[in-house]
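Shown next, in structure tokens, is the structure this report addresses.
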Amino acid sequence: MSSSVAEANHTEKEESLRLAIAVSLLRSKFQNHQSSSSTSRCYVSSESDALRWKQKAKERKKEIIRLQEDLKDAESSFHRDLFPANASCKCYFFDNLGVFSGRRIGEASESRFNDVLRRRFLRLARRRSRRKLTQSSQRLQPSEPDYEEEAEHLRISIDFLLELSEADSNDSNFSNWSHQAVDFIFASLKKLISMGRNLESVEESISFMITQLITRMCTPFKGNEVKQLETSVGFYVQHLIRKLGSEPFIGQRAIFAISQRISILAENLLFMDPFDESFPEMDECMFILIQLIEFLICDYLLPWAENEAFDNVMFEEWIASVVHARKAVKALEERNGLYLLYMDRVTGELAKRVGQITSFREVEPAILDKILAYQEIE
């Protein structure tokens, strides 16, 4: 009896022990499973964060590369804006170079320029003008902001045009930008004239521009290069003055300055040795100047007369100057009769046009009599 009870107790203890071991194993297994699940979740979460930051890094790198490309494009476009290497002039500004044209004022290049080109030109002109500003430059006056701004635009455009016409100027820059400088000069000049204030300063700027361009037109090449009229920059400068002359305020003053230069040149040629090295350049300059006066008179005198702002006083001055230039050239008849022949043709064309315009009757009769005396000369 006691032995069966002992066996039962022993069996019960073994079952309890087995049950305890089983429970312990189950609990241990369950804990290991939870631990592995937690580790797995942490690993997955950590891997997900790494992928997310890696993606962000890639996006940031792409953004930086895109910004660098945009910056590079912006810099290259700015450079192209300033000096367009492949952009050729499409405005036909230099068409009919050295050829008589029947076009009237308003048919040139004004309608071919858009606002973008104007802004590009002004930005370039201002950029270059900043390097030339001195302490003696005029300061803006708050009382006349519009006038001073336009006057500044005119000065900047003139300085830029003169820089383009220099002997060492890049040919592509000259052809691409000179027509825009002329157009901008016209726009500023018209606004300044309409304001009617301080025109003496405007006239001084225009006269300075004309004088410098005439000097550049007659400046020979340096060194041993052979100067050819067809390819020289001076021939293009002549065409440039011709285009500028479509505006009567510029054109009349150009004729006055050119005729005075002819008189001075004729006097120098009269006393110069024909075998002097500079004689051929001066001889060619004389023909270029006479031809330019003929271009301006034939192209623009009739349209000028239709302009309400036509200056009769200036007209009288340059007519008298042309007559004086013709007299100065007459003294060279024995040396070169072509000078007088060409000047007679100029005065003949001038007399024909003056006779056609009734408004010129208001001009001083003595002045008209001088020029009308050449009406039969061709």
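Here the working numbering is used: the first residue of the sequence shown is 1313, the next is one more, and so on. Even for Gly, the Cβ is constructed at its ideal location relative to N, Cα and C. Predicted, not measured: the structure shown is a model, and the values here were computed from it.
query	result
Residue burial classification, M1598 (beta-carbon count within 10 angstroms, cutoff 16)	buried
Straight-line Cα distance separating I1553 from F1472	15 Å
For R1695, three-class secondary structure by DSSP	Because the chain here runs from 1313 to 1690, residue 1695 falls outside it and cannot be looked at.
Same chain, Cβ closer than 6 Å to I1669, five either side skipped, listed in chain order	A1617
F1591: first and last residue of the uninterrupted alpha helix (DSSP H) it sits in	1591–1617
Inter-stretch contact (C-beta, 8 Å, three-pair minimum) for the stretch 1629–1639 and the stretch 1586–1596	no
Integer Cβ distance of E1276 from E1559, believed to fall under 8 Å	The chain is shown from 1313 up to 1690; residue 1276 falls before or after that span and cannot be answered.
A1663 - containing alpha helix (DSSP H), residue span	1649–1668
M1584 (DSSP reduced to helix, strand or coil)	coil
Rounded separation between K1384 and I1376 - CA only	12 Å
Beta-carbon spacing of V1658, I1683 below 8 Å	no
Residues near F1425 in its chain [Cβ-Cβ closer than 6 Å; skip 5 each side]	Low per-residue confidence applies at F1425: pLDDT is 42, beneath 50, and the placement is therefore not dependable enough to give any value.
Enclosing alpha helix (DSSP H) for S1633 [first to last residue]	1624–1642
Three-state class that DSSP yields for A1463 in the structure shown	helix
Check whether I1574 and L1601 have beta carbons under 8 Å apart	yes
Buried versus exposed call for V1335 [16 or more other C-beta atoms within 10 Å across all chains shown]	exposed
Cβ-based neighbour list, M1507, same chain, cut-off 7 Å, excluding 5 preceding and 5 following	Y1459
S1490 vs L1466 beta-carbon contact at 8 Å	no
Rounded separation between Q1450 and E1516 - CA only	Because Q1450 carries a pLDDT of 47, less than 50, the predicted location of this residue cannot be relied on, and no value is offered for it.
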